[in-house]
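From first to last, the protein sequence lines stand for chains A and B.
Take the position in the first sequence, starting the count at 1, then add 28; the result is the number in the numbering used here.
Take the position in the second sequence, starting the count at 1, then add 11; the result is the number in the numbering used here.
Worksheet: the structure to be examined is printed underneath.
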Amino acid sequence: MKETYDAALQLLDRQIIASDTRMVGKVDDVTIERQSDGTWRVTELLVGPGALGPRTGGLIGFYMKAVWERLSGSTTGEPDRIRIEDVDHIDNAVHLKIPRSDVDVEGFEVWMREHVITRIPGAK
Amino acid sequence: MKKIFALTLGVLTAIGGFVDIGDLVTSAQVGARFGLSLAWVTVVGILGIMVFAEMSGRVAAASGRSTFDLVRERLGPRLGLANLTASMGVTGLTFIAEIGGIALALELATSVQRFLWIPIVAALVWLVLWRVKFSIIENAFGLLGLGLIAFAVAFWQMGPDWGHLAEQAATFAKPGDEDWSTYAYYGVALFGAAMTPYEVFFFSSGGVEEGWSERDIPVMRANVFIGFPLGGLLSLGIAGAAALTLGPLGVDVSSLSQVGLPVATELGKIGLAVALVGFFGATFGAACETGLSVGYSISQYFGWQWGKYVTPTQASRFHAMMLLSAVLAAVVLLTTIDPIMVTEFSVVFSAVALPLTYLPILIVANDEDYMGKHTNGVLANFFGSVYMVIVVVASVAALPLMVWTKMGQ
């Protein structure tokens with residue numbers, strides 16, 4: 029591990045890749061927590077419009093989050109997240125230890141798959 | 012032997028795939044009105060697309076990341092979103108133009124009205140995106156596109172006065188009855204057509220689709236450095252043929268039959284048939300490329316799984332976006348909008364969006380974290396920087412020129 033790490037440059041907006049090499053999203057935001065020794069630590073990666081909206085800001089960001097909340101049926105408004113413990117390593121992408129099916133951040137993908145894509149012949 | 016075959020195939024594909032509806036229409040228009048006096052812009056544009064295609068291909072091979080993936084990483088979510096919107100607008104417009112172009116070509120060949128063809132063509136394009144393997148999409152249509160050589164052959168057969176043409180091209184000799192403003196407007200349009208942003212989105216995403224690694228860099232370079240200039244020659248052939256046949260008649264190219272006229276008069280029916288096959292291959296291939304690019308860019312911005320290398324069920328959102336764009340393109344074209352006009356708009360807006368596409372590539376190609384030992388050398392950075400200046404000038408000038416000249420009238 030590097031000694032210092034610029035999370036804004038080297039972590040935010042990076043592609044997240046599951047252990048089965050499938051893509052699962054971007055690091056749209058992170059949560060950081062203060063440790064007892066006074067240092068900061070990234071504890072979760074936040075994924076999806078629920079996190080990207082507030083970071084984008086403005087009217088567009090507001091609607092991005094609002095539409096996501098309505099469509100995902102989220103009652104808390106809390107964005108989807110991946111625990112930092114599930115991260116294997118970070119290079120030009122964030123690689124997870126777990127396969128895509130174990131990451132629960134793809135509501136829109138699942139909906140699209142079930143309602144549209146699998147109904148078209150030849151989707152396999 | 013297999014290597015030589017792959018190399019030849021790649022180069023041929025690059026040649027045939029270089030020209031799309033934007034190049035075709037703009038080249039013919041410019042040839043008819045300005046002769047070869049704007050040929051230098053095509054040359055500058057080809058060199059530019061070579062510089063940035065090589066760079067984005069190298070990024071894809073060295074890091075496994077394609078262009079739009081990096082746009083957001085380097086520009087942040089806000090500017091990235093603005094960029095996504097702009098490039099989607101341009102790529103979507105180009106997608107519509109290609110589908111409209113195919114429908115026009117089919118109307119020309121069958122005398123069945125284009126509105127009947129539009130839904131069929133859009134459905135066919137979608138079907139190819141849905142079912143056909145990436146390598147086949149890339150190669151088959153590129154090879155068919157080689158039929159456009161008919162234009163170059165027709166140009167040769169006309170036995171032009173080479174000395175006169177060379178002088179025209181070398182002295183930027185604007186015809187007397189044209190204004191400098193229209194000259195500049197068509198220059199920008201030609202430049203936008205040669206450097207359309209979707210080309211690098213597609214090229215770099217294709218690299219990821221085919222799993223390029225560092226070992227593939229030489230082959231990628233051969234495709235770019237041999238295939239692109241030869242493809243550009245096709246553009247010049249179209250312009251030259253138009254200059255010799257349409258120019259003296261004072262025809263202002265506004266329909267597809269006029270684009271094909273030089274081949275028809277010089278080479279007859281067979282020549283025209285070959286040119287039509289080339290036209291169909293080039294535009295159908297470009298329709299697939301732009302359709303894919305729409306899916307690639309949106310998916311890469313949001314981090315969704317994308318690509319033809321996985322089944323549609325694994326990349327549902329990616330395929331949903333492409334399906335949506337095919338439907339949308341058909342709907343837009345059925346409003347009876349003129350596809351040639353859509354093409355003219357698409358090349359000008361391409362020019363506007365150029366800096367947004369090429370700046371992130373230049374930045375990332377200099378980032379050792381991504382590139383390792385394949386970081387930009389002095390030459391790539393020199394040309395990259397020079398082209399950033401040119402691209403910004405073209406981008407700033409495009410809209411004012413369009414308004415000022417009333418789209419070149």
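From the three backbone atoms N, C-alpha and C, an ideal C-beta is built for every residue, glycine too.
For residue i, which residues in the same chain have their Cβ closer than 6 Å to its Cβ, ignoring the five residues on either side in sequence?
i, result
"residue 105(A)", "97"
"residue 266(B)", "none"
"residue 415(B)", "192"
"residue 132(B)", "110, 113 and 114"
"residue 300(B)", "213"
"residue 59(B)", "206 and 398"
"residue 294(B)", "32, 109, 112 and 113"
Please list, in chain order, all residues of the same chain as residue i whose beta carbon is under 8 Å from its beta carbon, the five residues on each side excluded.
i, result
"residue 220(B)", "145, 318, 319 and 320"
"residue 68(A)", "60, 61 and 62"
"residue 129(B)", "110, 111, 114, 341, 344 and 345"
Suppose contacts are defined by Cβ-Cβ distances below 9 Å. Is residue i in contact with residue j by that definition?
i, j, result
"residue 115(A)", "residue 314(B)", "no"
"residue 367(B)", "residue 248(B)", "no"
"residue 116(B)", "residue 287(B)", "yes"
"residue 138(A)", "residue 110(A)", "no"
"residue 61(B)", "residue 235(B)", "yes"
"residue 164(B)", "residue 278(B)", "yes"
"residue 32(B)", "residue 112(B)", "yes"
"residue 264(B)", "residue 36(B)", "yes"
"residue 312(B)", "residue 95(B)", "yes"
"residue 211(B)", "residue 67(B)", "yes"
"residue 282(B)", "residue 161(B)", "yes"
"residue 37(A)", "residue 55(A)", "no"
"residue 76(B)", "residue 376(B)", "no"
"residue 243(B)", "residue 53(B)", "yes"
Ordered along the chain, which non-local residues of its own chain (more than five positions away) have a Cβ less than 7 Å from that of residue i?
i, result
"residue 117(A)", "123"
"residue 29(A)", "Note that residue 29(A) scores 46 on pLDDT, short of 50, meaning its location in the model is unreliable; the coordinates nonetheless yield the value given after this. There are no such residues."
"residue 323(B)", "141 and 330"
"residue 383(B)", "73"
"residue 276(B)", "256"
"residue 272(B)", "256 and 257"
"residue 35(A)", "58 and 70"
"residue 57(B)", "205, 239, 240 and 243"
How would you label residue i, buried or exposed, when you count the other beta carbons within 10 angstroms and need 16 or more for buried?
i, result
"residue 41(B)", "buried"
"residue 351(B)", "buried"
"residue 124(B)", "exposed"
"residue 420(B)", "exposed"
"residue 349(B)", "exposed"
"residue 101(A)", "exposed"
"residue 150(A)", "exposed"
"residue 99(A)", "exposed"
"residue 226(B)", "exposed"
"residue 328(B)", "buried"
"residue 354(B)", "buried"
"residue 13(B)", "exposed"
Pull up the distance between the alpha-carbon of residue i and that of residue j, whole angstroms please.
i, j, result
"residue 289(B)", "residue 126(A)", "48 Å"
"residue 91(A)", "residue 208(B)", "28 Å"
"residue 393(B)", "residue 387(B)", "10 Å"
"residue 405(B)", "residue 302(B)", "25 Å"
"residue 369(B)", "residue 80(A)", "24 Å"
"residue 46(A)", "residue 128(A)", "5 Å"
"residue 330(B)", "residue 48(B)", "43 Å"
"residue 291(B)", "residue 108(A)", "46 Å"
"residue 397(B)", "residue 49(A)", "38 Å"
"residue 230(B)", "residue 85(A)", "44 Å"
"residue 258(B)", "residue 21(B)", "35 Å"
"residue 360(B)", "residue 71(A)", "43 Å"
"residue 172(B)", "residue 337(B)", "45 Å"
"residue 184(B)", "residue 196(B)", "15 Å"
"residue 223(B)", "residue 88(A)", "36 Å"
"residue 106(B)", "residue 40(A)", "32 Å"
"residue 29(B)", "residue 238(B)", "8 Å"
"residue 92(B)", "residue 332(B)", "16 Å"
"residue 142(A)", "residue 201(B)", "44 Å"
"residue 95(A)", "residue 309(B)", "17 Å"
"residue 413(B)", "residue 101(B)", "16 Å"
"residue 325(B)", "residue 306(B)", "14 Å"
"residue 137(B)", "residue 146(A)", "16 Å"
Anything in the stretch 36-48 of chain A with a Cβ closer than 7 Å to a Cβ of chain B? List those residues in chain order, please. Only 41, 42, 43 and 44 from the stretch 36-48 of chain A bring a Cβ to less than 7 Å from some Cβ of chain B.
Taking Cβ-Cβ distances below 7 Å as the criterion, which residues of the stretch 124-141 of chain B are in contact with chain A? Correct list: 141.
Using a Cβ-Cβ cut-off of less than 7 Å, give me the residues of the stretch 72-85 of chain B that come near chain A, in sequence order. Cβ contacts with chain A: 74, 76, 80, 83 and 84.
Residues of the stretch 113-140 of chain A in Cβ contact with chain B at a cutoff of 9 Å, in chain order, please. Cβ contacts with chain B come from 119, 120, 121, 128, 134, 136, 137, 138, 139 and 140.
Mind checking the stretch 327-348 of chain B against chain A and listing, in chain order, the residues whose C-beta falls within less than 7 Å of any C-beta there? Here the close residues are 327, 328, 330 and 331.
Using a Cβ-Cβ cut-off of less than 7 Å, give me the residues of the stretch 53-77 of chain A that come near chain B, in sequence order. Cβ contacts with chain B come from 53 and 54.
Name, going along the chain, the residues of the stretch 91-120 of chain B whose beta-carbon falls closer than 7 Å to a beta-carbon of chain A. Answer set for the stretch 91-120 of chain B: 92.
Closer than 7 Å, Cβ to any Cβ of chain B: which residues of the stretch 92-105 of chain A, in chain order? Those residues of the stretch 92-105 of chain A that come within reach of chain B (Cβ to Cβ, closer than 7 Å) do not exist; the list is empty.
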